[in-house]
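Working notes for the structure below.
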Amino acid sequence: MLQLEAPPSPTSATTPDTTGPEKKKTSAAGISVGVACSLVLISILSVFVFIRSRRRIKATQHDNPFKKISRAQCTIFDLPTLEEATDNFSQRNKLGEGGFGAVYKGILPDGQEIAVKKLVGTAGHGLHQLHNEVLLLAELQHKNLVRLHGFYSHRDDTLLVYEYIKNGSLDNFLSNTRDGHTLAWEQQYNIILGIAKGILYLHEDSSMRIIHRDLKPNNILLDEDMDPKIADFGLARLLGEGHTHTMTSGAAGTPGYMAPEYVYHRRVSPKIDIFSYGVLILQIVTRRRECWSDDSNTVNLITEVWNHWKKGTISQMMDQKLNQHTRNQQLRCVHVGLMCVQLNPDDRPEISTVIFMLTRDMELQPPEEPAFFFGSFSHGRNLLSSSGGSANSNFMFGEEISVNGVTITEPYPR
Numbered sequence: 001m002l003q004l005e006a007p008p009s010p011t012s013a014t015t016p017d018t019t020g021p022e023k024k025k026t027s028a029a030g031i032s033v034g035v036a037c038s039l040v041l042i043s044i045l046s047v048f049v050f051i052r053s054r055r056r057i058k059a060t061q062h063d064n065p066f067k068k069i070s071r072a073q074c075t076i077f078d079l080p081t082l083e084e085a086t087d088n089f090s091q092r093n094k095l096g097e098g099g100f101g102a103v104y105k106g107i108l109p110d111g112q113e114i115a116v117k118k119l120v121g122t123a124g125h126g127l128h129q130l131h132n133e134v135l136l137l138a139e140l141q142h143k144n145l146v147r148l149h150g151f152y153s154h155r156d157d158t159l160l161v162y163e164y165i166k167n168g169s170l171d172n173f174l175s176n177t178r179d180g181h182t183l184a185w186e187q188q189y190n191i192i193l194g195i196a197k198g199i200l201y202l203h204e205d206s207s208m209r210i211i212h213r214d215l216k217p218n219n220i221l222l223d224e225d226m227d228p229k230i231a232d233f234g235l236a237r238l239l240g241e242g243h244t245h246t247m248t249s250g251a252a253g254t255p256g257y258m259a260p261e262y263v264y265h266r267r268v269s270p271k272i273d274i275f276s277y278g279v280l281i282l283q284i285v286t287r288r289r290e291c292w293s294d295d296s297n298t299v300n301l302i303t304e305v306w307n308h309w310k311k312g313t314i315s316q317m318m319d320q321k322l323n324q325h326t327r328n329q330q331l332r333c334v335h336v337g338l339m340c341v342q343l344n345p346d347d348r349p350e351i352s353t354v355i356f357m358l359t360r361d362m363e364l365q366p367p368e369e370p371a372f373f374f375g376s377f378s379h380g381r382n383l384l385s386s387s388g389g390s391a392n393s394n395f396m397f398g399e400e401i402s403v404n405g406v407t408i409t410e411p412y413p414r
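For the sequence shown, counting from 1, position 259 maps to 259 in UniProt numbering; every step adds exactly one.
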């Protein structure tokens, strides 16, 4: 029997091969377009996030840090009150001028005398230094520290309000006379001891361990009773509990009062304040500055005192009219001062030990050769260079005149 096959259904017709080269090209093109679109989208999002982050950082940098200080920490004054107190910051009320601005005397409505520091150019790092000072002084209360009453801050205008210290800075009294007034030895000794008590509070007795970093005559104020008050905490550093020292990216302070390990290695410890205090003692006893010009030479006080000390002629730098008891007390102060400026920080006494030595009739260890900041360098080269310091430099009258800044002299001729 003959069988006939049915014709093929239209749906069963042979379809063209879709896995050929043209299909692969189409798929690759689609993937490429998708990847490109994704990359563009990611780039746009990245730029958007970057711009927002930059705006936030910029806003944070321009944020006035004084706004973070609460009224519980410090009194916040209004501008009209301070303008009225200082007679609109009149020239006749101007007490002086420093790196951050001028200081004016003022009288509040209740009759209280104040000193108002009117700050200028305090953007960036300078503003944060002053913020640091406000935060610290708001927490510290001691007879031998200047008291901060409060502040005013709005946009770029910042005013700090301190207690008014009648007699100004110690620097005014280092010369023989100031308006006909000469410091008696009892006043000098009271100043030496009072500064030490203020440092003791900062280093050991307050709730925070604080290193001042800029102890010098200009930052020691004298009240109506000639009691000293430590001022200017803009460079102060906190020392963490259990830490003996910390490091800083740069040495900030005043040449002639800065310890060598701080200048060369940026090492910050209580011993750098001890060094500065030692220079202050020697200045007060001898009534001389940390350096001065003698004909064509520049004389460093520490060098001069050390040379006289080794020769046994230190009394030549003291008041010859004093009685023997007072001269013995002066000699003890010089002895303690030299112990404070010894080159090795480990050889310098703690401030509590300094006070004990100043107030007790006890035998003192002979001081080692001190550190110096003028002239040629010899003694202590190994100590300073052991951690990478350089000794080939000079600091003269606060100006950097060679490569690295500060040097240490030969303390005693060989």
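C-beta atoms are modelled at their ideal positions from N, C-alpha and C, and glycine is treated no differently.
- When DSSP reads this structure, S269 sits in no beta bridge, so it has no partner.
- Beta-bridge partners assigned by DSSP to I210: L238.
- Ranking T326, I76, I51 by CA distance to the CA of V161 puts I76 first.
- In the displayed model, L119 falls within a strand according to three-state DSSP.
- Only residues of its own chain outside the window of five on either side were considered, and among them C74, T75, I76, F77, V161 have a CB closer than 7 Å to the CB of G150, listed in chain order.
- Within the same chain, Cβ atoms closer than 6 Å to the Cβ of D227 are found at G194, the five residues on either side in sequence being excluded.
- For I220, the enclosing beta strand (DSSP E) starts and ends at 220-222.
- Counting along the chain, V161 sits inside the beta strand (DSSP E) bounded by residues 157-163.
- Following the DSSP letters along the chain, one finds L215 in no alpha helix (DSSP H), marked with neither H nor E.
- Put simply, the backbone Cα of V263 is about 11 Å away from that of G256.
- Straight across, the Cα-Cα distance linking L108 with T246 is about 41 Å.
- With distances taken between CA atoms, P366 lies nearest to W309 out of W309, N323, S352, I355.
- In the DSSP assignment, the residues bridged to H154 are D157.
- Take the alpha-carbon of V103 and the one of K94: they are about 6 Å apart.
- Taking 8 Å as the cut-off, the beta carbon of D273 is found closer than this to the beta carbon of H212.
- The beta carbon of I284 is closer than 7 Å to those of Q188, I191, I192 in its chain, skipping five residues each way along the sequence.
- Assignment of beta-bridge partners to E97 by DSSP yields A102.
- Within the same chain, L148, F233 come within 7 Å of L137 by CB-CB distance, once the 5 residues on both sides are set aside.
- Take the alpha-carbon of N344 and the one of V336: they are about 15 Å apart.
- Around the CB of R92, fewer than 16 other CB atoms lie within 10 Å, so the residue is classed as exposed.
- Using a 10 angstroms sphere on the CB of M362, the tally of other CB atoms stays under 16, which defines it as exposed.
- In this structure, K117 lies near G101, with their beta-carbon atoms less than 8 Å apart.
- Taking all protein chains shown into account, H154 has fewer than 16 neighbouring C-beta atoms within 10 Å of its C-beta and is therefore exposed.
- P228 sits in a strand when the DSSP states are folded into three classes.
- Residues of the same chain with their beta carbon placed closer than 6 Å to that of G168 are lacking, with the five preceding and five following residues left out of the count.
- Here the alpha carbon of E139 sits roughly 29 Å from the alpha carbon of E261.
- Annotated as distal: L221 and T158, with beta-carbon spacing of 8 Å or more.
- As DSSP reads the structure, T75 sits in a beta bridge with G150.
- Here A36 is exposed, its C-beta having fewer than 16 other C-beta atoms within 10 Å.
- Ranked by how close their Cα comes to the Cα of N328, the residues I351, L358, F173 have L358 in first place.
- Within its own chain, the residues whose Cβ lies closer than 6 Å to the Cβ of D347, once the five positions on either side in sequence are excluded, are E368, listed in chain order.
- When rounded, the separation of the alpha-carbon atoms in I355 and C340 is 12 Å.
- Going by C-alpha positions, H131 is about 15 Å away from A231.
- When DSSP states are grouped into helix, strand and coil, S169 belongs to the strand group.
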